[in-house]
Each structure stands twice: as C-alpha cells, then as structure tokens.
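Chemist: I have a structure I would like to understand better, so I am pasting it below and will then ask my questions one at a time.
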Amino acid sequence: MISKLDNYETVVLSRDKCVIEIIDQTLLPRETKVITLKTREEIYEAIKKLRVRGAPAIGVCAALGVYVCALHSTAEDFYADVASAAGYIRSSRPTAVNLMWAVDRMMAVAEKNKALGRSDFIAVLLEEAERIYTEDIECCRKIGENGLSLLSEGDGILTHCNAGRLATVKYGTATAPMYLGHERGYDFKVYCDETRPLLQGARLTATELMAAGLDVTLLCDNMSGALMRTGRINAVIVGCDRVAANGDTANKIGTSMVAALAARYGIPFYVAAPTSTIDMSTPGGDDIKIEEREPLEVTEMWYESPMAPEGVKVFNPAFDVTDSELITAFITEKGVVYPPFADNFRELFDKE
Ligand code: MRU
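Under the numbering used here, the first residue of the sequence shown is numbered 58, with each subsequent residue one higher.
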C-alpha cells in the first residue's frame, strides 16, 4: 500500500475536467481510494469529514468546487446559483483561512465576469481554479527551498499533524524542506507526533514520508518532551491553518504544546506558511475561530469499543493557537520571516 500512494493526487480535476478527484484520507493508511466529488453537498461533506484536509488542499478543493458547481448548474439564475454553492462550500470548516481565501478569489473572478455568456463564464472560473492549483505547487516548492536553508545535513526534525503532500497539491508545506533535503541527500531523521485525536501524524505524515523513502519515527503526542530532552531534535517544523497579523498561529491541536516545549529546550520552532494562510484581517490569535469537533473522536474513534465512560464531557477543539513569541520564524514562499512579525508581514505583502 505505502509505495502506491505516489501514484495518486491529493486533489485534482478529473481528466475530462468534470469532477474533482481526491484521495479519501479517512481511509488511510488502510486503503488508498480515490473518490469523485461533483455536487456542492459532496464537496462540503468531503471537507467537513476530512476526506480532504489540510489548509491548502481544502482551498484548492473549494476553488475547483466552485468551478465544478458552475459547470453542472442548470439553474435559471446561473450566477446566483454559483454564488450560493460557493457560500455553502465556504462554510464547511471555520478555521483554515485558505478555504475562504480560495472561494473569495473564485467569486471575485465570477463577479467581474458575470456579464459573460455561460460557457465563457465557466471557462474563466476553470482558469482561476487551475491557477490556484498550480500556484500551490510552486508555493510549496519555494517553501521547501527557503526551509532547507535553515537546516543542516543529518538534522532531526519534529513535525506535528500532517502538513505534507496530503495537505496540499504536492510537497506539502512543513514537509517540503524534508522532501527537498531527501532529494539532495541530507539524510534527515524525521519524527512525527501521532496527533490525537484524528491521528493525522500516524495515518498520513508517517505514511507519505515512508512512501517517499524518508527516515521516519512515530511517537505519541505526550512523548515529544522526552525526545527533545535527548538532544535529537534540531528543529520543529509545523504547518498552519491561519496566521493572524501579529504572528499568533492556529494549527492542529497540540501544536502550542510542542512550541512551548521547543522553547524550553532551545529548539527553533518554524511555521511553514504560504502567504495565503496569513490573514492580515485577523488581528490576533483570540480572533481566530477554532473548530470544535464531535466528542466521539476522543472517546471511541479508532478503538474497538469506547475508551471512556458513556456520557463523559469532552473537550475537542481541532486547533489551538501558538503565541507568536514561541515562533522562531515563518517559512513562506517569499522568504523566511523573523520577528517583529506584524511589521515584517506588512513588508512582505507590500512587496507584491
Ligand atoms: O484538521 P486538519 O487535518 O485539516 O488539520 C490540518 C493542520 O492542522 C495542518 O497542519 C494545516 O492545515 C497545515 S497543512 C499544510
């Protein structure tokens, strides 16, 4: 199964450009299965249920989704129908800003071209969705180059959750420097937290890195302090779902604990962040909406029988906020950004 993963795309438009194809990530690593998405309900469900997940992949899926919904719309008020599908897809998850960013980008193009005839209108939507798809590949590749400049041969690198190729179109964000280093013989030792409760580290990161031939070691989330204390970790690299203007960062639940531990042991803590994940309209971490998910993900998912007393109260936020002071730098496609983040982000965007 592991070697087969390379033959599949995380999220892609079908060859005839009529439907979206995704690897159903809820089935990994047991089964590598591609499913197709055509309706707004299927796209919403796939994002909500984490069949496709990871901030950039969700954004790409949503962008392709707006196009696919337009393509299949039979509504008389065509533009209103596309706008309503876009709004519905946009509401599938609340934290990853790439979802809103991608849908808004599609709708800006739609708004500008709404006077066009139906087939020309669909063609411009397709063009924009394909641009978002291609940009993601280029962006991750550049994050890889910029991240690699911070690392040395033989480094031990810890990562949390999955910010890998399964979370993007290709390469991943946090994993891009790992893949690139691997291609160039850096011989990294990668450690991945299993990432309770949905096990993205164990099920996805370990799977994709092993499939690509990297040296991977899996650990439970409560083991990273013990590992850092041994001196085997030279850098932590994680992804992100939304970065606020002051540098506070929402990422998978547990990330803030890893950051606090890294600070304790003097290990650099890097956040790989495509600029599409930096949200200058969100001032700080307290302004980021954190998704809460179902209790059963904590109490019984993955177990043969429930592992907690029936009716117990459960706290299950999908993300946490890492305070900007704990972050050494952001690795973006435009370069590495150090504190003071608020000023340096502004400068980064002014460059455009
Ligand atoms: O709930 P998920 O699996 O979508 O959470 C994903 C993460 O937290 C990733 O680290 C983040 O989206 C960055 S992906 C490049």
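For every residue, glycine included, the Cβ atom is placed at its ideal position computed from N, Cα and C.
These figures come from a predicted structure and were not determined experimentally.
Using a Cβ-Cβ cutoff of less than 7 Å, which residues in the same chain neighbour H217 once the five nearest sequence positions on both sides are dropped?
Modeler: Cβ neighbours of H217 beyond the five flanking positions: D250, T252, G258, V295, K309, G311, T312, V315.
Chemist: Judging by CA-CA distance, which residue of E98, R108, E102 is the nearest neighbour of K90?
Modeler: Comparing Cα-Cα distances from K90 to each of E98, R108, E102, the minimum goes to R108.
Chemist: If you reduce the DSSP assignment to three classes, tell me which class N308 lands in.
Modeler: Here N308 sits in strand by DSSP.
Chemist: Using only the alpha-carbon positions, how far apart do N373 and R260 sit?
Modeler: So the two alpha carbons sit approximately 19 Å from each other.
Chemist: Using 7 Å as the cut-off, classify the Cβ of N373 as near or not near the heavy atoms of the ligand MRU, replying yes or no.
Modeler: Incorrect: N373 has no Cβ contact closer than 7 Å to the ligand MRU.
Chemist: Is A119 near the ligand MN, going by C-beta to nearest heavy atom under 7 Å?
Modeler: Among the ligands present in this structure, namely the ligand MRU, the ligand MN is not found.
Chemist: Sorted by chain position, which residues of the same chain lie with C-beta nearer than 6 Å to E78's C-beta, five sequence neighbours on each side aside?
Modeler: Here the set comprises V69, S71, V91, T93.
Chemist: Can you tell me whether C277 is buried or exposed, with buried defined as 16 or more other CB within 10 angstroms of its CB?
Modeler: Label assigned to C277: exposed.
Chemist: Exposed or buried, which one is N155 when buried takes at least 16 other CB atoms within 10 Å?
Modeler: Flag for N155 reads buried.
Chemist: On the criterion of 16 or more Cβ atoms from any shown chain inside 10 Å, does Y101 qualify as buried, or is it exposed?
Modeler: By the 10 Å Cβ count, Y101 comes out buried.
Chemist: Look up A292 in the DSSP assignment and say whether it is helix, strand or coil.
Modeler: A292: strand per DSSP, three-state reduction.
Chemist: Going along the chain, which unbroken runs of the alpha helix (DSSP H) with 4 or more residues stay wholly within the segment 172-225?
Modeler: If we require 4 residues or more, the alpha helix (DSSP H) runs fully inside the segment 172-225 come out as 175-205.
Chemist: Pull up the distance between the alpha-carbon of L128 and that of N170, whole angstroms please.
Modeler: If I take the Cα positions, the gap works out to 15 Å.
Chemist: Tell me whether the beta-carbon of Y327 lies closer than 8 Å to the beta-carbon of G213.
Modeler: No, Cβ-Cβ distance for Y327 and G213 is not below 8 Å.
Chemist: By the DSSP assignment, the alpha helix (DSSP H) with L353 in it spans what residues?
Modeler: Looking at the DSSP string, the run of the alpha helix (DSSP H) that includes L353 is 353-356.
Chemist: Can you look up D134 in the DSSP assignment and give me helix, strand or coil?
Modeler: Here D134 sits in coil by DSSP.
Chemist: Taking only beta-carbon positions, decide if T339 is within less than 8 Å of chain B.
Modeler: Among the protein chains of the structure shown there is no chain B, as only one such chain exists.
Chemist: Is the closest heavy atom of the ligand MRU to the C-beta of L215 under 7 Å?
Modeler: Incorrect: L215 has no Cβ contact closer than 7 Å to the ligand MRU.
Chemist: Give me the Cα-Cα distance between L223 and V139, rounded to the nearest whole angstrom.
Modeler: Taking the straight line from one Cα to the other gives about 28 Å.
Chemist: Where do the N-terminal and C-terminal ends of the beta strand (DSSP E) with C8 fall, by residue?
Modeler: Summary: the structure shown does not reach residue 8, with the chain confined to residues 58 through 409, and so no result is reported for it.
Chemist: Give a single yes or no on whether V69 has its beta carbon closer than 7 Å to a heavy atom of the ligand MRU.
Modeler: The answer is no for V69.
Chemist: Compute every distance between the C-beta of V125 and the non-hydrogen atoms of the ligand MRU, then say whether any falls below 7 Å.
Modeler: V125 Cβ: outside cutoff for every heavy atom of the ligand MRU.
Chemist: With 16 as the cutoff for other CB atoms within 10 Å, does V369 come out buried or exposed?
Modeler: When all chains shown are included, V369 counts as exposed.
Chemist: Taking the straight line between their C-alpha atoms, what separation do you get for E265 and L62?
Modeler: For E265 and L62, the distance between alpha carbons rounds to 7 Å.
Chemist: Among all the DSSP beta bridges, which residues are the ones paired with G392?
Modeler: DSSP lists T389 as partners of G392.
Chemist: So what does E349 bridge to, in DSSP terms?
Modeler: Partner(s): P374.
Chemist: Consult DSSP for Y65 and reduce its assignment to one of helix, strand or coil.
Modeler: Three-state result, Y65: coil.
Chemist: Apart from the five residues on each side of it in sequence, which residues of its chain come closer than 6 Å, Cβ to Cβ, to G211?
Modeler: Counting only Cβ-Cβ distances below 6 Å, and skipping sequence neighbours, we find D244.
Chemist: Going by Cα to Cα distance, which pick from S148, T83, T287, I146 is closest to R321?
Modeler: That would be T287, whose Cα lies nearest to the Cα of R321.
Chemist: I'd like to check one pair, I290 with I345: are the Cβ atoms closer than 8 Å?
Modeler: No, they are not a contact pair.
Chemist: Report all residues from its chain with a CB closer than 8 Å to the CB of V293; omit the five preceding and five following residues, and keep chain order.
Modeler: Contacts found: I214, L215, T216, H217, V315, A316, A319, I324, P325, F326, Y327.
Chemist: Is the beta carbon of A153 within less than 7 Å of some heavy atom of the ligand MRU?
Modeler: Flag set: Cβ of A153 near the ligand MRU.
Chemist: Alpha carbon to alpha carbon, how far is T230 from A301? Give it in angstroms, no decimals.
Modeler: Answer to the nearest angstrom: the Cα atoms are 18 Å apart.
Chemist: Rounding to the nearest angstrom, what Cα-Cα distance links E167 and C118 in this structure?
Modeler: Looking at the sequence shown, residue 167 is not Glu but Ala. One C-alpha to the other measures close to 17 Å.
Chemist: Using DSSP with H/G/I as helix, E/B as strand and the rest coil, what is V369?
Modeler: Correct three-state label for V369: coil.
Chemist: If you measure between the beta carbons of A137 and V123, is that distance less than 8 Å?
Modeler: Their beta carbons are not under 8 Å apart, which means A137 does not touch V123 by this criterion.
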